[in-house]
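First the structure, in the form of structure tokens, and then the observations on it.
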Ligand code: S3P
């Protein structure tokens with residue numbers, strides 16, 4: 032069982048498994064709001080005319096970083112608390128003020144990359160972006176270089192690849208830009224810059240990444256067309272102002288993924304995750320679970336404020352190995368750490384390919400997951416762009432470390448759930464970056480042997 036400990040000491044996980052009384056996982060859970068949609072609702076609301084009301088915003092560290100940066104530029108945002116709607120008083124497309132201090136993006140790549148696009152075209156204003164040690168190691172030139180073709184002036188270490196980054200705002204011009212990686216952060220930064228550029232901007236992606244920006248910008252009133260093969264080509268025509276609106280944020284499928292896999296691999300488990308965003312650019316995880324022959328049902332499919340939503344129920348059963356790669360990767364990029372855990376519990380050899388992007392996430396997630404699951408006795412090999420995992424080897428309790436990565440912390444908690452003895456997880460507090468109530472939800476699902484948790 033997960034036992035809350037003071038920050039700094041390791042969290043004990045799965046401690047009852049060895050005593051012959053294994054905790055299963057049963058019940059109903061609502062995961063917090065989608066992180067990608069939360070960032071965008073704050074950002075687009077900030078530059079819209081009038082008020083934007085956000086229901087279900089994720090009250091976690093990453094969106095709080097975005098909100099803090101926007102407040103530092105004069106945007107009024109009501110307090111962000113679980114369960115309360117957040118009100119953003121938009122300042123219009125050109126209303127952001129020059130901040131007095133460095134803008135702190137914390138651990139959030141989405142904050143920093145989208146801020147680069149948002150701020151590069153603010154004529155005559157100067158901005159400095161910084162972040163924590165992990166963020167200062169993450170590549171930013173993937174945004175800065177295409178922005179430079181629109182006239183942006185961004186300076187920083189290693190050819191402006193690493194924060195701290197200084198932005199000198201300039202009038203940008205539209206361009207046709209092919210992005211080298213299928214990244215929604217890069218695409219969204221360019222679309223933000225395009226809003227105030229002179230002339231239209233076309234972004235062409237190598238594979239389609241999540242499309243929350245396209246959907247939400249349209250709803251706010253931007254003039255945007257999506258075309259090309261599979262929606263890889265997005266054209267934004269400037270000139271329309273954005274109008275504040277109500278955004279309803281669905282639960283984050285990337286957070287739901289931990290419970291879906293936990294239910295699939297834990298004997299006796301059945302979990303229903305309610306109100307999960309099911310945007311097709313994000314549902315790659317469900318396709319892999321189907322490939323594994325997981326017992327999975329989508330209940331109550333519906334549309335909420337322009338995004339498909341449903342409840343997802345998974346129960347335990349035998350699992351088959353999977354193979355993933357190619358255009359599927361951007362549709363499940365954040366779920367690969369938890370899929371590596373699922374692979375350890377499946378029959379046969381699972382293969383993850385074309386996932387080199389994981390090396391530049393909050394940590395090098397291929398190396399970190401290989402190291403941590405290896406400590407539990409998993410039979411896996413790290414490759415340049417993925418992993419090969421031989422399933423079916425029992426996982427043992429071990430001393431584990433999130434290495435500061437939120438998705439690693441939660442993936443290891445799920446792995447510890449099925450280990451044959453207790454584990455200790457260092458730096459478990461990392462989960463708060465995207466899922467502040469994760470440890471409480473885990474304890475609640477473990478504690479409820481019969482049915483829906485209250
Ligand atoms: C995100 C896009 C993805 C994802 C990240 C959130 C977004 O990153 O990994 O957690 O909100 O746009 P990339 O766009 O770099 O793949």
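Numbering (this note's numbering), first residue to last: 32 to 485.
Every residue gets a Cβ at the ideal spot worked out from N, C-alpha and C, and that includes glycine.
Model, not experiment: these values are computed from the prediction.
Checklist line | Runs of beta strand (DSSP E) wholly within the region 306 to 359 (minimum 3 residues, chain order) | finding: 326 to 335, 338 to 346
Next item on the list: In the DSSP assignment, find the beta strand (DSSP E) that holds residue 418 and state where it starts and stops.
Entry: 417 to 421
Item checked: Distance CB(residue 22)-CB(residue 317) smaller than 8 Å -> One cannot answer for residue 22 here, as it falls past the ends of the chain, which runs 32 to 485.
Next item on the list: Could you check how far apart the C-beta atoms of residue 396 and residue 368 are, in whole angstroms? I think they sit under 8 Å.
Entry: 5 Å
Note to self: By the three-class DSSP mapping on this structure, what secondary structure does residue 475 have?
What the structure shows: helix
Next item on the list: Could you tell me how far apart the beta carbons of residue 73 and residue 98 are, in whole angstroms, since I believe they sit closer than 8 Å?
Entry: 6 Å
Next item on the list: Taking residue 473 as the reference, give the member of 310, 136, 380, 54 with the closest Cα.
Entry: 54
Next item on the list: Would you mind stating whether residue 347 and residue 287 have Cβ atoms separated by less than 8 Å?
Entry: No. Outside cutoff.
Next item on the list: Measuring alpha carbon to alpha carbon, tell me which of 334, 354, 333, 338 ends up nearest residue 324.
Entry: 354
Note to self: Please state whether the Cβ-Cβ distance between residue 91 and residue 466 is less than 8 Å.
What the structure shows: yes
Note to self: Let me confirm a value: residue 476 is counted as buried when at least 16 other C-beta atoms fall within 10 Å, else exposed. Which label applies?
What the structure shows: buried
Notebook entry, point to check: Would you call the CB atoms of residue 237 and residue 277 closer than 8 Å?
Noted result: no
Checklist line | Sufficient close CB pairs (3 or more, under 8 Å) joining the region 437 to 444 to the region 59 to 67 | finding: no
Notebook entry, point to check: Which class does residue 277 belong to by DSSP, given the choice of helix, strand or coil?
Noted result: strand
Next item on the list: Flag this pair as touching only if the region 299 to 312 and the region 453 to 462 have three or more C-beta atom pairs under 8 Å; answer yes or no.
Entry: Three or more Cβ pairs closer than 8 Å define a contact, and the region 299 to 312 falls short of that threshold against the region 453 to 462.
Next item on the list: In angstroms with no decimal places, state the Cα-to-Cα distance between residue 322 and residue 136.
Entry: 37 Å
Next item on the list: Please determine, among 279, 200, 308, the residue with the shortest C-alpha to C-alpha distance to residue 115.
Entry: 279
Notebook entry, point to check: Does any heavy atom of the ligand S3P sit closer than 7 Å to the C-beta of residue 67?
Noted result: yes
Note to self: For the beta strand (DSSP E) containing residue 233, name the first residue and the last one.
What the structure shows: 232 to 235
Next item on the list: Report buried or exposed for residue 434, applying the criterion of at least 16 other Cβ atoms within 10 angstroms of its Cβ.
Entry: buried
Note to self: According to DSSP, simplified to helix, strand and coil, what is residue 264?
What the structure shows: strand
Notebook entry, point to check: Helix, strand or coil: how does DSSP classify residue 286 here?
Noted result: In the three-state scheme derived from DSSP, where H, G and I count as helix and E and B as strand, residue 286 is classed as helix.
Checklist line | Cβ neighbour criterion (16 or more within 10 Å) applied to residue 378 | finding: Its Cβ having fewer than 16 others within 10 Å, residue 378 is exposed.
Margin query: Less than 8 Å between the C-beta atoms of residue 184 and residue 201, yes or no?
Written below: yes
Next item on the list: Measure the C-alpha to C-alpha separation of residue 269 and residue 133 and round it to an integer number of angstroms.
Entry: 29 Å
Notebook entry, point to check: Taking just the CA atoms, how far does residue 190 sit from residue 430?
Noted result: Roughly 39 Å separates the two Cα atoms.
Next item on the list: Assuming residue 148 contacts residue 220 (C-beta within less than 8 Å), just tell me the rounded distance between them.
Entry: That pair is a contact at about 3 Å.
Check: Cβ of residue 166 within 8 Å of Cβ of residue 140?
Finding: yes
Margin query: If you measure between the beta carbons of residue 267 and residue 258, is that distance less than 8 Å?
Written below: No, the pair does not count as a contact, with Cβ atoms beyond the cut-off.
Notebook entry, point to check: Between the C-alpha atoms of residue 420 and residue 249, what's the straight-line distance to the nearest angstrom?
Noted result: C-alpha separation (whole angstroms): 42 Å.
Next item on the list: With hydrogens ignored, establish whether the beta-carbon of residue 448 is closer than 7 Å to any heavy atom of the ligand S3P.
Entry: The answer is no for residue 448.
Item checked: For residue 181 and residue 233, the rounded distance between their alpha carbons -> 11 Å
Notebook entry, point to check: Is residue 102 helix, strand or coil when you go by DSSP?
Noted result: helix
Notebook entry, point to check: What did DSSP end up calling residue 220 once you bin it into helix, strand or coil?
Noted result: helix
Notebook entry, point to check: If you follow the alpha helix (DSSP H) that residue 141 is part of, which residue opens it and which one closes it?
Noted result: Segment 140 to 150, the alpha helix (DSSP H) holding residue 141.
Check: DSSP three-state call for residue 410: helix, strand or coil?
Finding: strand
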